[in-house]
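Engineer:
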Amino acid sequence: MKQSRAIRIAGRFRASSSFHVRPLRDGLLVRYHQQSCYFVRESRFWAFIYRAAGIEPPQSA
């Protein structure tokens, strides 16, 4: 994942009380329910966010 994209996504989650998202080397570090996950692929990040929210991720074409 490009660093600029990671920074932009993390900025969108700044106001979230559930997800703490930080850009880190080539990816995103997510803290959710006292657990941490690191994502280097944006598609994996969004799938995780959708599932954690109880929503089925959209199918890619």
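Numbering (the working numbering), first residue to last: 44 to 104. Ideal Cβ positions, reconstructed from N, Cα and C, are used throughout, including at glycine. None of the values given here were measured: they were computed from a predicted structure.
Using CA atoms only, rank isn't needed, just tell me which of Ser79, Glu85 and Pro100 is closest to Ile52.
Structural biologist: It is Glu85.
Engineer: Compute the Euclidean distance between the alpha carbons of Ile92 and Ser59, then round it to the nearest angstrom.
Structural biologist: Using only the alpha carbons, I get a separation of about 12 Å.
Engineer: Over what stretch of residues does the beta strand (DSSP E) that includes Phe88 continue unbroken?
Structural biologist: No beta strand (DSSP E) holds Phe88; the alpha helix (DSSP H) holding it covers Glu85 to Ala95.
Engineer: What separation, rounded to the nearest whole angstrom, lies between the Cα atoms of Ser79 and Ser61?
Structural biologist: Going by the C-alpha atoms only, they are around 12 Å apart.
Engineer: Considering only the beta carbon of each residue, do Val83 and Gly70 sit closer than 8 Å?
Structural biologist: Contact: yes.
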